[in-house]
Amino acid sequence: MTEGWLHNLNSMTASHGVVVHVSLIKADGSTPREAGASMTVAAETFSDTIGGGRLEQEALLAARALLVKHHDTDQDRWVRQVRNFPLGPSLGQCCGGFVRLLLEVMTPWEADKISTAMKDVATVEGGLIVRPVKSGVPVMMLCNRKQDNEQWPFPVRHLVRNMLSGAVPSEPVFMSDWYIEPVGVRRAPLFLYGAGHVGRAIVKVMEDLPFEIFWIDTKASRFPEHVSDRINRVISTNPAQIVSHAPRDAYHVVLTYSHALDFEICRAVLSNNEFAYLGVIASRTKRVRFVRRLKEAGISQALVERLQAPIGLPDLTGKEPAIIALSLATDLLLRLQEKLAESSVNNTDKRMGRS
Numbered sequence: 007m008t009e010g011w012l013h014n015l016n017s018m019t020a021s022h023g024v025v026v027h028v029s030l031i032k033a034d035g036s037t038p039r040e041a042g043a044s045m046t047v048a049a050e051t052f053s054d055t056i057g058g059g060r061l062e063q064e065a066l067l068a069a070r071a072l073l074v075k076h077h078d079t080d081q082d083r084w085v086r087q088v089r090n091f092p093l094g095p096s097l098g099q100c101c102g103g104f105v106r107l108l109l110e111v112m113t114p115w116e117a118d119k120i121s122t123a124m125k126d127v128a129t130v131e132g133g134l135i136v137r138p139v140k141s142g143v144p145v146m147m148l149c150n151r152k153q154d155n156e157q158w159p160f161p162v163r164h165l166v167r168n169m170l171s172g173a174v175p176s177e178p179v180f181m182s183d184w185y186i187e188p189v190g191v192r193r194a195p196l197f198l199y200g201a202g203h204v205g206r207a208i209v210k211v212m213e214d215l216p217f218e219i220f221w222i223d224t225k226a227s228r229f230p231e232h233v234s235d236r237i238n239r240v241i242s243t244n245p246a247q248i249v250s251h252a253p254r255d256a257y258h259v260v261l262t263y264s265h266a267l268d269f270e271i272c273r274a275v276l277s278n279n280e281f282a283y284l285g286v287i288a289s290r291t292k293r294v295r296f297v298r299r300l301k302e303a304g305i306s307q308a309l310v311e312r313l314q315a316p317i318g319l320p321d322l323t324g325k326e327p328a329i330i331a332l333s334l335a336t337d338l339l340l341r342l343q344e345k346l347a348e349s350s351v352n353n354t355d356k357r358m359g360r361s
């Protein structure tokens, strides 16, 4: 995630001085990672990954060679280099695709400039970081469509405006020798109701996955003593009321200590009629009872059929919290992947002017 490497950049430059940020800006065919993957390289260490294997080894060598050549002077700012790798012919990797890497020298000076600019867009959903792949031009942080530059290539300017206006979903794009990537790519909102054993197992498995987790329960004492800063802990005596604050594309997973609470949350989600997923931990008996009561409450058959009970993949059995958590995480990832693939196709059609 762009926001992650921007925050990480400060700590890397503070600890190691000059570093090189490596971005995978173009990926064709079968590749270890998609466009947008990145890593930050210092002389003796690195953070994050662009996929491992020979590609990553070659990226490390190229980045460290660039570090050796770099001279930290006022005339040596925003240094960039592009490297192309046909994975089959040049590196002998079985995936056989093609990747283009952007290597950017980052000194504490550049890191400070980026951090200052980041403050203006960090809280704005849909912000972009834009720069050419040639050296000398500063990184630009944008948060509204009026901030573009008339000197940019028209395709870049047009796409940036469309991304910032919301006409086109934001995603990493390399075009006309410029690289555009979102700041703080929005993670899928996941509302998790219940901080018991299964809820804790789910958070443990999913906190590093592309979901923004809102963890809800009735008392602070029901949560573990230490909750990661990446998790949004919500305390509510009536968790069903939280449903009205969820975005329309939220994923809801219900597993409280009370069947009555579970039912009220499910009814609230279904009554709201706008959600990406609703699942409740349930036996066959509980599912039958919930389906009957939801219909009696006036929920339509079509909506009731969207209730996933039990949760997770049907072929992955086991009632242990860790197995349930892994099964659910896999199911939600597959659903999210399908949704993103559909969005990517629509995005490409819009960029190409196809209806």
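Letter by letter, the sequence shown follows residues 7 to 361 in the numbering used here.
We put the CB at the ideal spot given by N, CA and C, even for glycine.
- Under the three-state reduction of DSSP output, Asn-278 falls in the helix class.
- Rounded to the nearest whole angstrom, the CA to CA distance from Asn-14 to Trp-84 is 18 Å.
- The count of Cβ pairs closer than 8 Å, one atom from the region 134-151 and one from the region 68-76, stays below three, leaving the stretches out of contact.
- Leu-338 sits in a helix when the DSSP states are folded into three classes.
- Val-24 and Arg-341 have their C-alpha atoms roughly 41 Å apart.
- For Trp-158, the secondary structure class from DSSP, reduced to helix, strand or coil, is coil.
- When DSSP reads this structure, Met-169 sits in no beta bridge, so it has no partner.
- Between Pro-195 and Phe-220, the C-beta spacing is below 8 Å.
- In the three-state DSSP reduction, Asn-14 falls in the helix class (H, G or I).
- Residue pairing by DSSP puts Ser-44 in a beta bridge opposite Ser-29 and Thr-55.
- Between Phe-296 and Ala-315, the beta carbon gap of about 6 Å places them in contact (Cβ cut-off 8 Å).
- When C-alpha distances from His-258 are compared across Ile-248, His-265 and Ala-266, the shortest belongs to Ile-248.
- Within the region 265-323, the runs of alpha helix (DSSP H) that reach at least 4 residues and sit entirely inside it are, in chain order, 265-278, 290-302 and 307-310.
- Exposure of Ala-173 is indicated by the presence of fewer than 16 other C-beta atoms within 10 angstroms of its C-beta.
- When Cβ pairs closer than 8 Å are counted between the two stretches, the region 156-167 is seen not to touch the region 303-319, the count staying below three.
- For Ile-56, the closest alpha carbon among the candidates Gly-42, Glu-50, Ala-49 and Ala-48 is that of Gly-42.
- Taking Lys-345 as reference, the option from Ser-171, Ser-17, Arg-106 and Arg-193 with the minimal CA-CA separation is Arg-193.
- Note on geometry: alpha-carbon atoms of Lys-125 and Gln-153 lie some 16 Å from one another.
- In this structure, the CA atom of Glu-116 is about 9 Å from the CA atom of Thr-19.
- DSSP places Arg-193 outside any alpha helix (DSSP H), giving it a letter other than H or E.
- DSSP lists Trp-184 as the bridge partner or partners of Met-181.
- In this structure the region 283-290 lies against the region 253-270, because at least three pairs of beta carbons, one per stretch, are closer than 8 Å.
- Secondary structure at Ile-237: coil, using DSSP grouped into helix, strand and coil.
- Where Arg-206 is concerned, the enclosing alpha helix (DSSP H) starts and stops at 203-212.
- For Asp-82, the secondary structure class from DSSP, reduced to helix, strand or coil, is coil.
- The bridge partners DSSP lists for Met-146 are Val-136.
- In the three-state DSSP reduction, His-258 falls in the strand class (E or B).
- Contact annotation, Ala-252 with Phe-197: C-beta distance approximately 5 Å; criterion of less than 8 Å satisfied.
- Going by DSSP, Arg-106 is part of the beta strand (DSSP E) stretching over 104-112.
- For a cut-off of 8 Å, the C-beta gap from Val-26 to Val-136 is around 20 Å, too long to register as a contact.
- The alpha-carbon separation between Ile-271 and Glu-302 amounts to approximately 16 Å.
- Going by beta carbons, Trp-11 and Thr-51 fall outside the 8 Å limit.
- With contacts defined by Cβ atoms closer than 8 Å, Val-209 and Ile-237 form a contacting pair.
- Distance from Leu-109 to Leu-61 at the Cβ level is roughly 13 Å; contact not present, criterion being Cβ atoms closer than 8 Å.
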